[in-house]
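*Asks:* Please see the structure below; I have some questions.
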Amino acid sequence: MARRLPRKDVVIVGLGWTGSILAYELARTGLDVVAIERGPWRDTASDFNIGTAADELRYAVRQDIFLRPKQETLTMRNNPSQTALPIRKWGSFLPGNGVGGAGVHWNGQTWRFLPDDFRIRSHMIERYGEGILPEGNHIQDWPVSYDDLEPYYDKFERVAGISGKAGNLKGEIQAGGNPFEGARAHEYPTPPMKQGYQQELFTKAATNMGLHPFPRPSANLSAAYTNPYGCSMAPCTYCGFCEWFGCANYSKSSPQTCVLPALIREPSFEARTECEVTKVNLTVDGKMATGVTYVDADGEEWEQPGDLVLVCAFALFNVRLLLLSGIGKPYDPVKDEGVVGRNYAYQTGSGSTGFFEDVKFNPFAAAGSTGVALDDYNSDNFDHGPHGFVGGASITCAHTNGRPIRYHPTPKGTPGWGSAWKKAVRDSYQRVANVGAQGSVMSYRNNYLDLDPTYKDALGRPLMRMTFDYQPNEQKMANWMAERCDEIAKAMGAKATQINKLGVPWNVVPYQTTHNTGGAVMGNDPTSSVLNRYLQSWDVPNVFVMGASAFPQNAGYNPTGTVGALTYWGLDAILNYLKSPGALVQR
Amino acid sequence: MIRLRHLILLLPLFAVGGAIAEPDNYVEIERGKALVIAGDCVACHTAKGGQPFAGGLALQTPFGAITTANITPDSASGIGGWSANDFARAMHEGRRPGGTYLYPAFPYPYYTKVTRGDLDAIYAYLRTLPPVENRVNRNTLPFPFNIRLSMLGWNALFFTPGGFKPDPNRSDEFNRGAYLVEGLGHCGACHTPFNAFGASRDDKFLQGNQIDNWTAPNITNDKQAGLGKWTVDEIVHYLKTGQTRTSLASGPMKDVIENSTSKMPDTDLKAIAVYLKERGAAGPSAPTPLPASDPRMQVGEAIFVDTCSACHMRSGAGVEHMFPKLAGNVITAQDDPSSLIRIIIAGGRATATENFPTSPAMPSLGYRLNDDQIAAVVTYVRNSWGNAAAPVSAEIVKELRGRVIGAGE
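Chains as they are written, first to last, in my numbering: chain A, 684 to 1270; chain B, 2 to 410.
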């Protein structure tokens, strides 16, 4: 029987990027805020010592700061005809664990989605006709436009200090930036990162091909920066230990560097770590949340009453918490009804690896977001008519690291061990450049999340089941992108290239990307969305859900910039809600 | 007769008045609170993890540990039974109500300069604190220092009672600064060397000291080791935020800034800065820097490049708000190298204030640098980029490592 705690104004589930921003912004208005976080407390000073943070074995191989399957896992299958089995070792994606969430271990690529991405369904039909949409799709327009979100993108970029070069300032195209991006009110807070020789070759080759390369926007900061919360950061040292690592140098934007130092000074804020929220509690009629129930590290169960519940966990776990709490109607693919779990999406990865001679790249001098990208093949920046697919990809030439244990690119056909392998590593380590395409994944009737009928977690709650595969539209798109990447790699001067096609069926074992989206999407129609355009539950108005679970389908970019923008957009909505509680959009 | 009756009715109110924050008293109590902040009373009178002002912190002195008093108005274990006169006597004379002697770890040789009016305001504020029952063993010193009467002789030798005397030839601002620094602020308690009896040496006032294995630097206007190169504005900014372009406060000064100076009015901070700048300069003359060819410098440079330069920069320029600039940093110029050594061994954190909440950390590197290596890199830092200070030996590092690690810090 859960023991009942004193009421709080705001209960936040999960203390990552979205939870920490909302906690700070609401606590500073004087509200009593508690954040309940499943994992441990983490901060730069205590957890990321410069002398031990760059431990590849501990962090990259043994995945020290990631979620453990025993804390939570999923079952997975590729399609509804299969029986899902539990993921017993995280592979294709790696959810974060603890304060800061995935914001601790991310690479830091901080994009804005393109204006067309927000109305992709209408846009594609207007330009190409209904026939361009793939079979079984659930593609839907976002309930917000790029222009709605622009000021909120700006806020997040300022808090995170993002390094980059604007390509479109108030409608004026800027040399050196991305000419396809939506109009920005301001330049990036800090200048773009320095790039390596590889990126120089890519820029030259792409420009000669008539493409438009630019340094990608980075949360590994190029310069010292103090954000509007007073939190300070130091310039990146290009040590190459970003992805899967916490930054010891205060150079990677994260809740730790950008928000927590200000947040922990707020007297009305409290964090409870190593406490897992098991349920959002509802009134008997199910129309209002009364707080949450959680289990602490000793297995004790507590009830935390609260007036407002903000669900701020990782996208997948937001969806599971809604399913377990009975908030919103669960999605049923057979009847194509219900909303929670609907429109789960992912991303594609494809590209080309170029093997060079007479060059010396320095892959070890890198950061998670160094790299030059181009958007000529993203969203609808090119004519899709001849290709018959929807979606696109950002194409990037980057190395994020040259770490000794796991970075040893070798040509296909090289033995996996022995002197021939050693020779190939020696020959290739400084002579490989990768041109990669990170592609969108549309939403489909048969890609979804629901509760598994068989498998349960340690607390006896059903695991969530993921049903997902790359559909023909995505395969066609990703493999076409791989050819574009290959053209560029060849133009860069690669003596040999290897095309990396999209792996199908989707396989949960090799790491691909942690850009899992959807399942609790935002929309204007309550029959096809869990949240209204203000990220407020259609069914329980004192529950707001943050994060990429709100994306109606996924774009060809890393999601964090858009997650950050939606958080500030949601914050304004929450402040309005507090003035006059109730549904912000009538059903 | 009527008047007399009123007087009788009023008497009981006066009798209990001291312990209650009456509306009339609000201004006085707020003034007292500001003075308690300026004196940083909370720093010593709060145990680690304990209730504020309830005492119990073990202050390490060369004579043994002294546990600080509970100054909440709890009548049994705090100062609830003290009158305003009792309080003033303790502050001015270092004597408890019964007449027993206090040890000068409680810096009454400074507080003797505080005006009675200010003491009454402090007293009024302390009476408004929630009483906390916390019985503190006030007799933890070993023999013979546990004989409090010995303080009679100490006082005769080293204690000059008497209020602050402003210098008529100086500005009001200077005198305000002097009143704060020499009195309630008791800056000299850390920043002035002690003699063999634990008394601040008047002849070396504010010339730097080692305290809790940290260097409390020279804060006279000395060009080499003191504040000679700092402007008044820089000193004010440092006291307000814990940082300047070169320095980030850590160690005990971090607490002073967070609890005390960052909350003081700018006018008082400016007065302190004016006083420190105008009072005079004193300190040892600058030594000649070691040549780069010195083997210790060469070893130190190699370690610096590998271990330190990513944050502090190859040029020693550091990163504003984050990593101290080592070139021209006063802490490198002190005769006593403790802060540099201990921060390498054990790490440290910079001050967090409202405007700059980050509190960046220096990680501990004692686990991977041995005593010789630390000695070399500290010597290198003390003698590079225009810095000049005596080389540091491995023995000094070894001894400090023993004290810092031994103390479980």
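Quick reminder that beta carbons are idealized off the backbone N, C-alpha and C, glycines included.
Since this is a predicted model, take the numbers as computed values, not measurements.
Assuming residue 1223/A and residue 1212/A are in contact, meaning their beta carbons sit under 8 Å apart, how far apart are those beta carbons, in whole angstroms?
*Replies:* If you number the first sequence from 1, residue 1223/A lands on position 540. If you number the first sequence from 1, residue 1212/A lands on position 529. Not a contact, Cβ separation roughly 14 Å.
*Asks:* Give me the subset of the region 909-942 of chain A whose CB atoms are less than 8 Å from a CB atom of chain B, sorted by chain position.
*Replies:* From the region 909-942 of chain A, only 909, 912, 913, 914, 915, 916, 917, 918, 920, 922, 931, 932, 933, 940 have a Cβ closer than 8 Å to chain B.
*Asks:* Compute the beta-carbon to beta-carbon distance between residue 995/A and residue 977/A, rounded to the nearest angstrom, for a pair I have assumed lies under 8 Å.
*Replies:* Translated into the one-based positions of the first sequence, residue 995/A becomes position 312. Translated into the one-based positions of the first sequence, residue 977/A becomes position 294. Wrong, their Cβ atoms sit about 14 Å apart, outside the cutoff.
*Asks:* Taking 8 Å as the cut-off, does the region 780-789 of chain A touch the region 924-936 of chain A (at least 3 CB pairs, one atom from each stretch)?
*Replies:* yes
*Asks:* Could you check the C-alpha separation between residue 239/B and residue 736/A for me, to the nearest Å?
*Replies:* Stepping through the second sequence from its first residue, residue 239/B is reached at position 238. Stepping through the first sequence from its first residue, residue 736/A is reached at position 53. Each residue's Cα considered, the two are about 31 Å apart.
*Asks:* Nearest to residue 153/B by CA position, among 96/B, 270/B, 403/B, 45/B, is which residue?
*Replies:* By one-based count along the second sequence, residue 153/B stands at place 152. Ranking the options by Cα distance to residue 153/B, first place goes to 96/B.
*Asks:* Which of helix, strand or coil does DSSP assign to residue 1212/A?
*Replies:* For the purposes of this step, residue 1212/A is identified with residue 529 of the first sequence, where counting begins at 1. In the displayed model, residue 1212/A falls within coil according to three-state DSSP, outside both helix and strand.
*Asks:* Against residue 311/B, what residues of chain A qualify as contacts under a CB-to-CB distance less than 8 Å, listed in chain order?
*Replies:* For the purposes of this step, residue 311/B is taken as residue 310 along the second sequence, with counting starting at 1. Per Cβ cutoff of 8 Å: 733, 920, 922, 932.
*Asks:* Does DSSP put residue 691/A in a helix, in a strand, or in coil?
*Replies:* The sequence position of residue 691/A within the first sequence is 8, counting from 1. If DSSP states are grouped into helix, strand and coil, residue 691/A belongs with the strands.
*Asks:* From the DSSP output, which residues share a beta bridge with residue 1127/A?
*Replies:* To locate residue 1127/A, count along the first sequence from 1; it is residue 444. Residue 1127/A is bridged by DSSP to 820/A.
*Asks:* Thinking just about the alpha-carbon of each residue, which of 732/A, 823/A, 837/A, 1142/A is nearest to the one in residue 910/A?
*Replies:* Along the first sequence, one-based indexing puts residue 910/A at 227. Nearest option by C-alpha distance: 837/A.
*Asks:* Could you give the residue range of the alpha helix (DSSP H) that holds residue 60/B?
*Replies:* Counting from one through the second sequence, the residue named residue 60/B turns up at place 59. Note, residue 60/B: premise wrong, no alpha helix (DSSP H); beta strand (DSSP E) at 59-62.
*Asks:* Output, in chain order, the set of chain B residues within a Cβ distance shorter than 7 Å of residue 1036/A.
*Replies:* For the purposes of this step, residue 1036/A is taken as residue 353 along the first sequence, with counting starting at 1. Those do not exist, as residue 1036/A stays about 31 Å from chain B at its closest Cβ, beyond 7 Å.
*Asks:* Using CA atoms only, rank isn't needed, just tell me which of 689/A, 882/A, 815/A, 755/A is closest to residue 1083/A.
*Replies:* Residue numbering aside, residue 1083/A sits at position 400 when the first sequence is read from its first letter. For residue 1083/A, the nearest C-alpha among the options comes from 882/A.
*Asks:* How big is the Cα-Cα spacing for residue 1049/A and residue 921/A?
*Replies:* In the first sequence, residue 1049/A corresponds to position 366, counting from 1. In the first sequence, residue 921/A corresponds to position 238, counting from 1. Per the coordinates, the alpha-carbon of residue 1049/A lies some 5 Å from the alpha-carbon of residue 921/A.
*Asks:* Where does the unbroken alpha helix (DSSP H) through residue 984/A begin, and where does it stop?
*Replies:* Here residue 984/A refers to the residue found at position 301 when the first sequence is read from its first residue. Here residue 984/A belongs to no alpha helix (DSSP H); instead the beta strand (DSSP E) covers 984-994.
*Asks:* Out of curiosity, what's the CA-to-CA distance linking residue 1090/A and residue 923/A?
*Replies:* The residue labelled residue 1090/A in the question sits at position 407 within the first sequence. The residue labelled residue 923/A in the question sits at position 240 within the first sequence. Looking at the two C-alpha atoms, the distance is approximately 11 Å.
*Asks:* Are there three or more Cβ pairs, one per stretch, closer than 8 Å when the region 746-765 of chain A is compared with the region 969-985 of chain A?
*Replies:* Fewer than three Cβ pairs drawn from the region 746-765 of chain A and the region 969-985 of chain A lie within less than 8 Å of each other, which leaves the two stretches out of contact.
*Asks:* Please name the residue in 1074/A, 955/A, 809/A whose C-alpha comes closest to that of residue 985/A.
*Replies:* Here residue 985/A is taken as the residue at index 302 of the first sequence, counted from 1. For the residues 1074/A, 955/A, 809/A, the minimum Cα distance to residue 985/A belongs to 955/A.
*Asks:* On the DSSP bridge list, what partners appear for residue 1020/A?
*Replies:* Sequence index remark: in the first sequence, residue 1020/A carries index 337 (1-based). DSSP, once it has assigned bridges, lists 1015/A as partnering residue 1020/A.
*Asks:* At least one CB of chain B closer than 8 Å to the CB of residue 712/A: is that the case?
*Replies:* For the purposes of this step, residue 712/A is taken as the residue at position 29 of the first sequence. It does not; no Cβ of chain B falls within 8 Å.
*Asks:* Going straight from the alpha carbon of residue 693/A to that of residue 717/A, what length do you get?
*Replies:* Counting from 1 along the first sequence, the entry for residue 693/A is found at position 10. Counting from 1 along the first sequence, the entry for residue 717/A is found at position 34. One C-alpha to the other measures close to 6 Å.
*Asks:* Work out the CA separation of residue 236/B and residue 275/B for me, nearest whole Å.
*Replies:* For the purposes of this step, residue 275/B is taken as the residue at position 274 of the second sequence. For the purposes of this step, residue 236/B is taken as the residue at position 235 of the second sequence. Each residue's Cα considered, the two are about 9 Å apart.
*Asks:* Quick check on the DSSP output: the alpha helix (DSSP H) that includes residue 240/B runs from which residue to which?
*Replies:* Reading the second sequence from its first residue, position 239 is the one you call residue 240/B. According to the DSSP assignment, residue 240/B belongs to the alpha helix (DSSP H) that extends over 233-242.
*Asks:* Roughly how many angstroms separate the alpha carbons of residue 364/B and residue 875/A, rounded to a whole number?
*Replies:* Here residue 364/B refers to the residue found at position 363 when the second sequence is read from its first residue. Here residue 875/A refers to the residue found at position 192 when the first sequence is read from its first residue. Each residue's alpha carbon lies about 28 Å from the other.
*Asks:* Is there a Cβ from chain A that is less than 8 Å from the Cβ of residue 340/B?
*Replies:* Reading the second sequence from its first residue, position 339 is the one you call residue 340/B. False, the Cβ-Cβ gap to chain A never drops below 8 Å.
*Asks:* With residue 998/A as the anchor, note down where its alpha helix (DSSP H) starts and where it stops.
*Replies:* Locating residue 998/A in the first sequence gives position 315, where the first residue counts as 1. Residues 998-1008.
*Asks:* For the region 256-263 of chain B against the region 291-299 of chain B, are there 3 or more C-beta pairs whose distance is under 8 Å?
*Replies:* no
*Asks:* Skipping 5 residues on each side, what residues in its chain have a beta carbon closer than 7 Å to that of residue 130/B?
*Replies:* Stepping through the second sequence from its first residue, residue 130/B is reached at position 129. Taken in chain order, the residues that qualify are 54, 73, 74.
*Asks:* Could you name the residues of the region 349-375 of chain B whose beta carbon sits closer than 8 Å to any beta carbon of chain A, in the order they occur along the chain?
*Replies:* 350, 353, 355, 356, 357, 358, 359, 360, 361, 362, 364, 365, 366, 368, 369
*Asks:* I'd like to know whether the C-beta of residue 1264/A is nearer than 8 Å to at least one C-beta of chain B.
*Replies:* One-based indexing of the first sequence puts residue 1264/A at position 581. Output row for residue 1264/A: interface = no.
*Asks:* Please report the Cβ distance between residue 906/A and residue 1062/A, rounded to the nearest whole angstrom; I am assuming they are in contact, meaning their Cβ atoms lie under 8 Å.
*Replies:* Residue numbering aside, residue 906/A sits at position 223 when the first sequence is read from its first letter. Residue numbering aside, residue 1062/A sits at position 379 when the first sequence is read from its first letter. With 8 Å as the limit, residue 906/A and residue 1062/A do not qualify as a contact, their Cβ atoms being about 30 Å apart.
*Asks:* So which of 861/A, 866/A, 842/A has the shortest CA-CA distance to residue 853/A?
*Replies:* Counted from its first residue, the first sequence places residue 853/A at position 170. Per the Cα distances, 866/A.
*Asks:* Under 7 Å, CB to CB, which of the residues in the region 946-969 of chain A have a partner in chain B?
*Replies:* 948
*Asks:* Please look up how many angstroms separate the CB atoms of residue 263/B and residue 354/B, rounded, as I've assumed it's under 8 Å.
*Replies:* Sequence index remark: in the second sequence, residue 263/B carries index 262 (1-based). Sequence index remark: in the second sequence, residue 354/B carries index 353 (1-based). Indeed, because the Cβ distance is near 5 Å, the residues count as touching under 8 Å.
*Asks:* Run the CB neighbour count on residue 1269/A, radius 10 Å, all protein chains shown included, and call it buried at 16 or more, exposed below.
*Replies:* To locate residue 1269/A, count along the first sequence from 1; it is residue 586. Classification for residue 1269/A: exposed.
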